[in-house]
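Visitor: Below is the structure I would like to discuss, written out as structure tokens.
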Amino acid sequence: MPGRESADRKQVTQGRWASMLLLPTLILLAIVIIYPVVNAIIMSFQKDAALNPTTGLFEEGGSAGFSNYSDWLFQQCSGQSCPPGTLGSQFWSSMGTTFFFAVVTVALETVIGFWMAIIMARVFRGRSAVRAAVLVPWAIPTAVTAKLWFFIFAFEGIANKLFGTQILWTGSEWPAKWAIIISDVWKTTPFMALLILAGLQLIPDEVYEAAKVDGASTWQRFTQITLPLVRPALMVAVLFRALDALRMFDLPYIMTQGANNTSTLSILVVDQIRQGFNSAAALSTITFLVIFIVAFIFVRFLGANAVGAATSSGRK
Amino acid sequence: MPVRRKKFDWGQVRTYVSAVVILVWCLAPAYWMIVTAFRDTGFTFDPSIWPTHVTWDNFATVFDENLGNHFGRNLLNSLLVAGVTTIVALVVGVFAAYALARLNFRFKFAVMGFILGASMFPGVAIVTPLFQLFTNIGWMGTYQVLIIPNISFVLPLTVYTLTSFFREMPWELEESARIDGCTQGQAFRKVILPLAAPATFTTAILAFISAWNEFLIASQLSSDSTRTVTVAIAYFAGAQPHQEPYTAVMAAGTIVTVPLVILVLVFQRKIVAGLTAGAVK
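For the record, the sequence lines run as chains A and B. Sequential numbering from 17 applies to the first sequence in the numbering used here. Sequential numbering from 473 applies to the second sequence in the numbering used here.
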């Protein structure tokens, strides 16, 4: 059939066009992402220059097998258990801190963001002012946010004065953790709120009106209509934020330098770089795998269809 | 049914109270930064919510070369790094986004997944090898060591946002231009590019803000002469040694933040559309 043939030819020319147009992006991403990652993986199996504990000689290079990985996982430093305070001993506590930050910040941001989104979806005078205001924390660079909240949480700072407390916020473990969490929630809740708001606006008003007529209470309307219908948008937002939170660096690095058990995996990698490229590479590969596994779990088991949201559209 | 006039709408009152809470929560810390930026150092911790002991000294400290602050240089560095990153990401990203939004081809899903995956990539995974590579080839202290990794963070965002914008565009116009005798290239240049300009502009703002805010790579790979503002703010030196120069840091933060906030408020609607485009539709 002639029609079929021309459709095929169209497909072929489109394919050729597409590969030409996509090539620059794919080449750039290959250079700036795939090359470093492959390089990091190769590096992670090499030995760092160090004293050999058995011979007492300084050795450089050579294959390390999986020892860089097992050193982190089992907290070994030159064949012995790492003394407290060294970077090697901090792996599991950093892993715990990273997940603690991720779970708490994402949970808070989801709940507060949902509440903000519901308010912003209502009709009232000044609504556009509120929608503009939530962009302010989002627009401030994280490094500035960190310094700003460091100042707010200073010993003589406004936080202590406002609440009549005398807490050394960035000087001990739990206050420091909460200071970081509060700063992160302030900075990124707006992003969450806007994504949820966009999801809310896709729900037609008629659905709510029908439910009202049927006598559904506010709570029922929320749990039976809003939640299920907004779920796809919500899952994607939570996925984005969770992956962002798992690689958290700027805020804790600037506010506490990772002291008082606030070091995340990303901070640990950066601290390690100057002490040994190759074991830093192993640690960054572990971090990468952790984030990859979390993303996989989200997409596979919780139904966050990020690629689908990106590729499916009204027109084919 | 008798028409009853509503006496008082409690629901509406609750909405307004909530709106005020949101406004205060979002704006108060930023306001506090600006107020502190104008305070005399001796009154750093003055709890008054109004500007007191107003001075411009902190802004002078920020630019004081004698204290080792090179903030003017830092600003130019950030402009250069973020500017070049944005332009490269935009030029390259527009073509990719056009292909993804408009053309049918095999592996489309895989390419989209790869680009999306790249945007979720942890920056630390590339810091170590890049640090070693750039040291080996003697690039440390140059601008390209900041720009190249930055592209890897900004480009996926650009492609992603532009793709979702391009899907909404009236592509029928392109086809009618072709019927009127334009080649595909002409149709793209004369019809589609002007239509795509607003979306491209919005994406440029998002890309620039993202590149401007970059800290991880800049903190590890920049030298004294290429230091960007975000890193400079994190390591600021004040007039007194061994003392956190809070007021000067707040002044620096204000300088970096106010232009961004104005930009964001002016293009508020577009930015919200850009932020939410890919994720929800």
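Note that beta-carbon positions come from the ideal geometry of N, C-alpha and C, so glycine has one too.
1. Confirm, please, whether the CB-CB distance from A561 (chain B) to S636 (chain B) is below 9 Å.
2. If the cut is a Cβ gap below 7 Å, which residues of chain B does P220 (chain A) touch?
3. Can you name the residues of chain A whose CB is closer than 9 Å to the CB of N546 (chain B)?
4. Is the number of C-beta pairs between the segment 633-649 of chain B and the segment 606-618 of chain B that are closer than 8 Å three or more?
5. Which residues in chain A have a C-beta closer than 7 Å to the C-beta of M612 (chain B)? List them in chain order.
6. Indicate the three-state DSSP secondary structure (helix, strand or coil) for K753 (chain B) in the structure shown.
7. Using the DSSP secondary-structure output, state which residues sit across from Q30 (chain A) in a beta bridge.
8. What residue from A:L213, A:I197, A:T158 and A:Q182 has the CA that sits closest to R247 (chain A)'s CA?
9. Could you check whether the Cβ of V728 (chain B) sits closer than 9 Å to any Cβ belonging to chain A?
10. Within 10 Å of its beta-carbon, does I664 (chain B) have 16 or more other beta-carbons around it, so buried, or fewer, so exposed?
11. So which residues on chain B does Q30 (chain A) lean against when the C-beta distance must stay under 8 Å?
12. What three-state label does DSSP hand C498 (chain B) in the structure shown?
13. What do you reckon, are the CB atoms on F535 (chain B) and G544 (chain B) nearer than 9 Å?
14. Decide yes or no for the touch test of the segment 54-61 of chain A against the segment 293-302 of chain A: beta carbon pairs closer than 8 Å, at least 3 of them.
15. Starting from the beta carbon of T41 (chain A), find every residue of chain B whose beta carbon is closer than 8 Å, and list them in chain order.
16. What alpha helix (DSSP H) runs, 4 residues minimum, are completely inside the segment 558-612 of chain B?
17. For T508 (chain B), would you say it is in contact with chain A, using Cβ-to-Cβ distances shorter than 9 Å as the test?
18. Return yes when the Cβ of T303 (chain A) is within less than 9 Å of the Cβ of V285 (chain A), no when it is not.
19. Nearer than 8 Å: is that true of the beta carbon of R578 (chain B) relative to any heavy atom of the ligand COA?
20. Please state the DSSP three-state secondary structure of Q616 (chain B).
21. Tell me whether K193 (chain A) is buried or exposed, calling it buried when 16 or more other Cβ atoms sit within 10 Å of its Cβ.
22. Run through DSSP, which three-state label would T699 (chain B) get?
23. Can you tell me whether V127 (chain A) is buried or exposed, with buried defined as 16 or more other CB within 10 angstroms of its CB?
24. Please confirm whether F517 (chain B) has its beta-carbon closer than 9 Å to some beta-carbon of chain A.
25. From A66 (chain A) to S694 (chain B), what does the alpha carbon distance come to, in whole angstroms?
26. Between V747 (chain B) and L211 (chain A), is the Cβ-Cβ spacing less than 9 Å?
27. Sort A:W235, A:A258, A:A159 and A:M271 by Cα distance to F312 (chain A) and report the nearest one.
28. Does DSSP classify S329 (chain A) as helix, strand or coil?
29. Tell me, which residues are paired with C93 (chain A) by DSSP?
30. Could you work out which residue in B:G585, B:K742, B:T513 and B:S591 is closest to T672 (chain B) when comparing CA atoms only?
31. Alpha helix (DSSP H) containing S282 (chain A): first to last residue?
32. Cα-Cα, which of A:G173, A:P40, A:S35 and A:W33 is closest to E716 (chain B)?
33. Between A:P206, A:L262, A:L45 and A:I309, which has its C-alpha nearest I135 (chain A)'s C-alpha?
34. Within 10 angstroms of the Cβ of F82 (chain A), are there 16 or more other Cβ atoms? Answer buried if so, exposed if not.
Guide: Quick answer:
1. The residue you call residue 636 (chain B) lines up with position 164 of the second sequence. The residue you call residue 561 (chain B) lines up with position 89 of the second sequence. It is not a contact, given that the beta carbons lie outside the stated cut-off.
2. Indexing the first sequence from 1 puts residue 220 (chain A) at position 204. Within chain B, no residue comes near P220 (chain A); the closest Cβ sits about 15 Å away, beyond 7 Å.
3. Residue 546 (chain B) sits at position 74 when you count from the first residue of the second sequence. Within chain A, no residue comes near N546 (chain B); the closest Cβ sits about 12 Å away, beyond 9 Å.
4. no
5. Within the second sequence, residue 612 (chain B) is the residue found at index 140, counting from 1. The contacting residues do not exist; M612 (chain B) stays about 13 Å from chain A at best.
6. Taking the first residue of the second sequence as position 1, residue 753 (chain B) is located at position 281. Since pLDDT at K753 (chain B) reaches only 48, below the 50 mark, its modelled position is unreliable, and the value read off the structure follows with that caveat. K753 (chain B) falls in the coil class under three-state DSSP.
7. Reading the first sequence from its first residue, position 14 is the one you call residue 30 (chain A). Bridge partners of Q30 (chain A): none, in fact.
8. Taking the first residue of the first sequence as position 1, residue 247 (chain A) is located at position 231. It is A:L213.
9. Sequence index remark: in the second sequence, residue 728 (chain B) carries index 256 (1-based). Taking Cβ atoms only, chain A reaches closer than 9 Å to V728 (chain B), which makes this a yes.
10. Indexing the second sequence from 1 puts residue 664 (chain B) at position 192. Buried.
11. By 1-based counting over the first sequence, the position of residue 30 (chain A) is 14. Ordered by position in chain B, the residues that pass the 8 Å Cβ test against Q30 (chain A) are L575, N576 and F577.
12. On the second sequence, residue 498 (chain B) is found 26 positions in, with the first residue counted as 1. DSSP places C498 (chain B) in helix when its eight states are reduced to three.
13. On the second sequence, position 63 is the one that residue 535 (chain B) refers to. On the second sequence, position 72 is the one that residue 544 (chain B) refers to. Taking 9 Å as the Cβ cut-off, F535 (chain B) and G544 (chain B) qualify as a contacting pair.
14. yes
15. Working through the first sequence from its first residue, we reach residue 41 (chain A) at position 25. Going along chain B in sequence order, the residues near T41 (chain A) (Cβ under 8 Å) are V564, G565, F567, A568, I587, L627 and V631.
16. 580-591 and 596-608
17. Translated into the one-based positions of the second sequence, residue 508 (chain B) becomes position 36. Yes, contact with chain A.
18. For the purposes of this step, residue 285 (chain A) is taken as the residue at position 269 of the first sequence. For the purposes of this step, residue 303 (chain A) is taken as the residue at position 287 of the first sequence. Cβ distance < 9 Å, so V285 (chain A) and T303 (chain A) count as in contact.
19. Of ligands this structure carries none, so the ligand COA is not represented either.
20. Position 144 of the second sequence holds residue 616 (chain B). Three-state DSSP puts Q616 (chain B) in a helix.
21. The sequence position of residue 193 (chain A) within the first sequence is 177, counting from 1. The residue is buried, with at least 16 neighbouring Cβ atoms inside 10 Å.
22. Residue mapping note: residue 699 (chain B) aligns to position 227 of the second sequence, counting from 1. Note on identity: in this sequence residue 699 (chain B) is Arg, with Thr being the wrong assignment. Residue state, collapsed to three classes: coil.
23. For the purposes of this step, residue 127 (chain A) is taken as the residue at position 111 of the first sequence. When all chains shown are included, V127 (chain A) counts as exposed.
24. On the second sequence, position 45 is the one that residue 517 (chain B) refers to. Taking Cβ atoms only, chain A reaches closer than 9 Å to F517 (chain B), which makes this a yes.
25. One-based indexing of the first sequence puts residue 66 (chain A) at position 50. One-based indexing of the second sequence puts residue 694 (chain B) at position 222. Cα-Cα distance, rounded: 27 Å.
26. Along the second sequence, read from residue 1 onward, the residue named residue 747 (chain B) stands at position 275. Along the first sequence, read from residue 1 onward, the residue named residue 211 (chain A) stands at position 195. Per the sequence shown, residue 747 (chain B) should be read as Leu rather than Val. In contact: L747 (chain B) and L211 (chain A) (Cβ atoms closer than 9 Å).
27. Residue numbering aside, residue 312 (chain A) sits at position 296 when the first sequence is read from its first letter. With distances taken between Cα atoms, F312 (chain A) lies closest to A:A258.
28. Indexing the first sequence from 1 puts residue 329 (chain A) at position 313. Its pLDDT being 41, under 50, S329 (chain A) is placed unreliably in this model, and the value from its coordinates should be taken loosely. In this structure, S329 (chain A) counts as coil in the three-state DSSP scheme.
29. For the purposes of this step, residue 93 (chain A) is taken as the residue at position 77 of the first sequence. A:Q96.
30. In the second sequence, counting from the first residue as 1, residue 672 (chain B) sits at position 200. Of the listed residues, the one whose Cα sits closest to T672 (chain B) is B:K742.
31. Within the first sequence, the letter at position 266 stands for residue 282 (chain A). That run of the alpha helix (DSSP H) goes L281 to I289.
32. To locate residue 716 (chain B), count along the second sequence from 1; it is residue 244. Of A:G173, A:P40, A:S35 and A:W33, the residue nearest in Cα terms is A:G173.
33. On the first sequence, residue 135 (chain A) is found 119 positions in, with the first residue counted as 1. The shortest Cα separation from I135 (chain A) among A:P206, A:L262, A:L45 and A:I309 belongs to A:P206.
34. As a first step, residue 82 (chain A) is located in the first sequence; it is residue number 66 there, counting from the start. Classification for F82 (chain A): exposed.
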